[in-house]
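As structure tokens, the structure follows; a few thoughts come after it.
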Amino acid sequence: MRLSIEKLVYGGDGLARLPADENGRGKAAFVPFVLEGETVEATLVENKPGFARARLDEVIERSANRIEAPCPYYGRCGGCHYQHTDYRHQLEIKAAVLKENLRRIAKVELETEPIVHASPEWNYRNRARLRVRTQPDFALGYYRFASHELLPVEQCPISSALINRGISVAWELGRAGKIPQEIQEIEFFANAEDDQLLLLLYCAPPLSTEAAQNLAEDLRGTASAIGALVIAIGANESAELKPMASAGEKALNYKTKDAAYRVSGGAFFQVNRFLTDQLVEIVTANRSGNAALDLYAGVGLFSSVLARSFAQVTAVESSPTAYADLSYNSPANVKAVHATTDRFLQQRAGKVRPDLIVLDPPRGGLGGMVVRSLAGLEAAEITYVSCDPATLARDLAGLLAAGYHIRQAHVVDLFPQTYHVESVVRLSR
Numbered sequence: 017m018r019l020s021i022e023k024l025v026y027g028g029d030g031l032a033r034l035p036a037d038e039n040g041r042g043k044a045a046f047v048p049f050v051l052e053g054e055t056v057e058a059t060l061v062e063n064k065p066g067f068a069r070a071r072l073d074e075v076i077e078r079s080a081n082r083i084e085a086p087c088p089y090y091g092r093c094g095g096c097h098y099q100h101t102d103y104r105h106q107l108e109i110k111a112a113v114l115k116e117n118l119r120r121i122a123k124v125e126l127e128t129e130p131i132v133h134a135s136p137e138w139n140y141r142n143r144a145r146l147r148v149r150t151q152p153d154f155a156l157g158y159y160r161f162a163s164h165e166l167l168p169v170e171q172c173p174i175s176s177a178l179i180n181r182g183i184s185v186a187w188e189l190g191r192a193g194k195i196p197q198e199i200q201e202i203e204f205f206a207n208a209e210d211d212q213l214l215l216l217l218y219c220a221p222p223l224s225t226e227a228a229q230n231l232a233e234d235l236r237g238t239a240s241a242i243g244a245l246v247i248a249i250g251a252n253e254s255a256e257l258k259p260m261a262s263a264g265e266k267a268l269n270y271k272t273k274d275a276a277y278r279v280s281g282g283a284f285f286q287v288n289r290f291l292t293d294q295l296v297e298i299v300t301a302n303r304s305g306n307a308a309l310d311l312y313a314g315v316g317l318f319s320s321v322l323a324r325s326f327a328q329v330t331a332v333e334s335s336p337t338a339y340a341d342l343s344y345n346s347p348a349n350v351k352a353v354h355a356t357t358d359r360f361l362q363q364r365a366g367k368v369r370p371d372l373i374v375l376d377p378p379r380g381g382l383g384g385m386v387v388r389s390l391a392g393l394e395a396a397e398i399t400y401v402s403c404d405p406a407t408l409a410r411d412l413a414g415l416l417a418a419g420y421h422i423r424q425a426h427v428v429d430l431f432p433q434t435y436h437v438e439s440v441v442r443l444s445r
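Heads up: take any position in the sequence shown, counting from 1, add 16, and you land on my numbering.
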């Protein structure tokens, strides 16, 4: 059928409307790889009571912003969503998506436009995680778009140059039969200078500890840039690593403008190697006081810098791996706490009176209990770093109802070529 694209929505799809029926206005239809204002031919692939999904067949009327995607895997690979439009327009889409989610979910209109921070468009990722297939032949790649089928990928233009060299080495080893079938995924993590790699190999039993150790040493010996290598059991990204073997160090030293961080295999760290300093500056610049609270602290990206302008910083992290790095990275006036945010707030919030609260939660956001607990702390300022505008808007609705107002909103484009929207919202009472 022929569809007219009204706008792009969070998730990367274009929103169109099916023809009206006896119930009135046609229901929403979501189409990937389109742009607002385009007319397209599409085929329905999913038809639910409240919405439909369609496959793009042909663009009949093209947007002036449409370009040819430079990556040969684009459209088949599920990793990127916006390579068919120029980067300036990608930033406009993301700012619009943030405003639309705040308007629809939090019922708030921003008084000023979000401040947009652009990134270099390519080779920005310092981390990439690829699936492995060893039978009937070796392949390394990402999932195909909208599937769990492996798409072999030999280069990834949004990943750093060193990661791409690492991908090439992995292909060579795999084709030579040197990567056993127990290896399910390989994660590449590059340092800030892009001259050293940490490799994480996720495996499934029955790979023995001895075989894992031999493999680790063999792999590290093939590439001098592999400064750290860990082989671990489990492929669930949310699960804590269970290391089986290692070669070299188990962590990288990641240097930023203001600090250096030990980042171990499996610990969260921001993925854009060009905008880390800018993100830290947005969160920490011109903030000072007696006490700051850094929730979902990771390895201490923000708390280590806040320690320079606050007498005491309390940094809370639930992951054992990230907490160990946080403790290692923290200066004397940062108190590292190993706990989930909700448990910390339940048990110790009454003893904390922060001037500033920094939040950098996972994609699921804060949740109602955490929002209510934060409101009770009555901090003068809250800075919320978000990777999901929908959960951000949901959480902001609760904080705004508790008396906070939005002073400033930023779009920090940590993920060019993709639909992901990283934002920073500053709130005050």
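All C-beta atoms in this analysis are idealised placements derived from N, C-alpha and C, irrespective of residue type, glycine included. The structure presented is a predicted model; accordingly, all values stated were derived computationally and were not measured.
*Could you work out which residue in 104, 105, 85 is closest to residue 96 when comparing CA atoms only?*
Position 80 of the sequence shown, counting from 1, holds the residue named residue 96. Checking every option, the nearest Cα to that of residue 96 belongs to 85.
*Reducing DSSP to helix, strand and coil, say where residue 105 ends up.*
Counting from one through the sequence shown, the residue named residue 105 turns up at place 89. In this structure, residue 105 counts as helix in the three-state DSSP scheme.
*asked:* Please tell me whether residue 198 and residue 219 are closer than 9 Å, where the distance is taken between their beta carbons.
replied: On the sequence shown, position 182 is the one that residue 198 refers to. On the sequence shown, position 203 is the one that residue 219 refers to. The Cβ atoms of residue 198 and residue 219 lie closer than 9 Å to each other.
*Same chain, Cβ closer than 7 Å to residue 275, neighbours up to 5 away in sequence not counted*: Along the sequence shown, one-based indexing puts residue 275 at 259. Hits under 7 Å: 320, 321.
*Jot down the residue ranges of each uninterrupted beta strand (DSSP E) in the segment 116–151, minimum 3 residues, whole runs only, in chain order.*
131–133, 143–149
*Where does residue 30 fall in DSSP's three states?*
Your numbering for residue 30 matches position 14 in the sequence shown. In the structure shown, residue 30 sits in a strand (DSSP, three-state: E or B).
*How about residue 204 and residue 183: are their beta carbons less than 9 Å apart?*
Residue mapping note: residue 204 aligns to position 188 of the sequence shown, counting from 1. Residue mapping note: residue 183 aligns to position 167 of the sequence shown, counting from 1. Yes. Within cutoff.
_Reference residue 421; option with closest CA among 136, 428, 398_ = Translated into the one-based positions of the sequence shown, residue 421 becomes position 405. Measuring from the Cα of residue 421, the nearest candidate turns out to be 398.
*State the start and end residues of the unbroken beta strand (DSSP E) segment that holds residue 70.*
Within the sequence shown, residue 70 is the residue found at index 54, counting from 1. Residue 70 -> beta strand (DSSP E) spans 67–77.
*Express the C-alpha separation of residue 52 and residue 270 in angstroms, rounding to a whole number.*
As a first step, residue 270 is located in the sequence shown; it is residue number 254 there, counting from the start. As a first step, residue 52 is located in the sequence shown; it is residue number 36 there, counting from the start. Their backbone Cα atoms lie some 40 Å apart in a straight line.
*On the three-pair Cβ rule with 8 Å, is the segment 386–394 touching the segment 76–85?*
no
_Is residue 185 close to chain D? Criterion is C-beta to C-beta, closer than 9 Å._
No chain D appears in this structure, which consists of one protein chain only.
_Segments assigned alpha helix (DSSP H), at least 4 residues, entirely inside the segment 290–358_ = At a cut-off of 4 residues, the continuous stretches assigned as alpha helix (DSSP H) that sit fully inside the segment 290–358 are 292–300, 319–322, 336–345.
_Start and end residues, beta strand (DSSP E) containing residue 230_ = Locating residue 230 in the sequence shown gives position 214, where the first residue counts as 1. That residue, residue 230, is in no beta strand (DSSP E); its alpha helix (DSSP H) goes 225–238.
*With C-beta atoms as the reference, is residue 87 less than 9 Å away from residue 157?*
Along the sequence shown, read from residue 1 onward, the residue named residue 87 stands at position 71. Along the sequence shown, read from residue 1 onward, the residue named residue 157 stands at position 141. Against a cut-off of 9 Å, the Cβ pair of residue 157 and residue 87 comes out as no contact.
*Ends of the alpha helix (DSSP H) at residue 183?*
On the sequence shown, residue 183 is found 167 positions in, with the first residue counted as 1. Element bounds for residue 183: 177–191.
*asked:* Would residue 21 and residue 36 be called neighbours here (beta carbons separated by less than 9 Å)?
replied: Start at 1 with the first residue of the sequence shown, and residue 21 comes out as number 5. Start at 1 with the first residue of the sequence shown, and residue 36 comes out as number 20. In this structure, residue 36 does not lie closer than 9 Å to residue 21 by Cβ.
*Take the Cβ of residue 151 as the centre, count every other Cβ of all protein chains shown within 10 Å, and call the residue buried at 16 or more, exposed below.*
Taking the first residue of the sequence shown as position 1, residue 151 is located at position 135. Only exposed fits residue 151, as fewer than 16 other CB atoms lie within 10 angstroms of its CB.
*Return the chain-ordered list of same chain residues with a C-beta closer than 8 Å to the C-beta of residue 284, the five sequence neighbours on each side being excluded.*
For the purposes of this step, residue 284 is identified with residue 268 of the sequence shown, where counting begins at 1. Cβ neighbours of residue 284 beyond the five flanking positions: 314, 315, 335, 338.
*Could you give the distance in angstroms between the alpha-carbon of residue 107 and the alpha-carbon of residue 101?*
For this step, residue 107 is matched to residue 91 along the sequence shown. For this step, residue 101 is matched to residue 85 along the sequence shown. Straight-line Cα distance between these residues: approximately 10 Å.
*By the 10 Å Cβ neighbour count, where 16 or more other Cβ atoms means buried, how is residue 407 classified, buried or exposed?*
As a position in the sequence shown, residue 407 is number 391, starting the count at 1. Answer is buried; the Cβ neighbour count reaches 16.
*asked:* Please state whether the Cβ-Cβ distance between residue 429 and residue 135 is less than 9 Å.
replied: Position 413 of the sequence shown, counted from the start, is the residue given in the question as residue 429. Position 119 of the sequence shown, counted from the start, is the residue given in the question as residue 135. Contact flag set, yes.
*Please classify residue 349: is it buried, with 16 or more other beta-carbons within 10 angstroms of its beta-carbon, or exposed?*
As a first step, residue 349 must be located in the sequence shown, where it is residue number 333. Exposed is the call here.
*Over the uninterrupted alpha helix (DSSP H) stretch that includes residue 389, give me the two end residues.*
Within the sequence shown, the letter at position 373 stands for residue 389. Segment 384–393, the alpha helix (DSSP H) holding residue 389.
*Hey, how far is the Cα of residue 391 from the Cα of residue 418?*
Start at 1 with the first residue of the sequence shown, and residue 391 comes out as number 375. Start at 1 with the first residue of the sequence shown, and residue 418 comes out as number 402. Those two C-alpha atoms are separated by around 6 Å.
*Does the distance from the CB of residue 217 to the CB of residue 248 come in under 9 Å?*
Translated into the one-based positions of the sequence shown, residue 217 becomes position 201. Translated into the one-based positions of the sequence shown, residue 248 becomes position 232. It is a contact, given that the beta carbons lie within the stated cut-off.
_Using CA atoms only, rank isn't needed, just tell me which of 259, 414, 103, 440 is closest to residue 426._
In the sequence shown, the residue the question calls residue 426 occupies position 410. With distances taken between Cα atoms, residue 426 lies closest to 440.
*asked:* Mapping the DSSP letters down to three states, classify residue 429 as helix, strand or coil.
replied: In the sequence shown, counting from the first residue as 1, residue 429 sits at position 413. Coil at residue 429, not helix or strand.
*Which class does residue 46 belong to by DSSP, given the choice of helix, strand or coil?*
As a first step, residue 46 is located in the sequence shown; it is residue number 30 there, counting from the start. Correct three-state label for residue 46: strand.
*Kindly list the residues whose CB is nearer than 8 Å to the CB of residue 289, restricted to its own chain and excluding five residues on each side of it in sequence; keep chain order.*
The residue given as residue 289 occupies position 273 in the sequence shown. Cβ neighbours of residue 289 beyond the five flanking positions: 140, 141, 142, 176, 206, 208, 210.
*Span of the beta strand (DSSP E) around residue 243*: The residue you call residue 243 lines up with position 227 of the sequence shown. Boundaries of the beta strand (DSSP E) around residue 243: 242–249.
*The alpha helix (DSSP H) with residue 416 in it runs from where to where?*
Working through the sequence shown from its first residue, we reach residue 416 at position 400. That run of the alpha helix (DSSP H) goes 405–417.
*Label residue 212 either buried or exposed according to how many other C-beta atoms from any shown protein chain fall within 10 Å of its C-beta, with 16 as the threshold for buried.*
Numbered from its first residue, the sequence shown carries residue 212 at position 196. When all chains shown are included, residue 212 counts as buried.
*Specify, as a first and last residue, the run of the beta strand (DSSP E) that residue 263 falls within.*
Locating residue 263 in the sequence shown gives position 247, where the first residue counts as 1. First-last of the beta strand (DSSP E) with residue 263: 258–264.
_Helix, strand or coil, according to DSSP, for residue 56 in the structure here?_
Counted from its first residue, the sequence shown places residue 56 at position 40. In this structure, residue 56 counts as strand in the three-state DSSP scheme.
_Option nearest residue 340 by Cα separation, candidates 329, 266, 286, 382_ = Here residue 340 is taken as the residue at index 324 of the sequence shown, counted from 1. Of the listed residues, the one whose Cα sits closest to residue 340 is 266.
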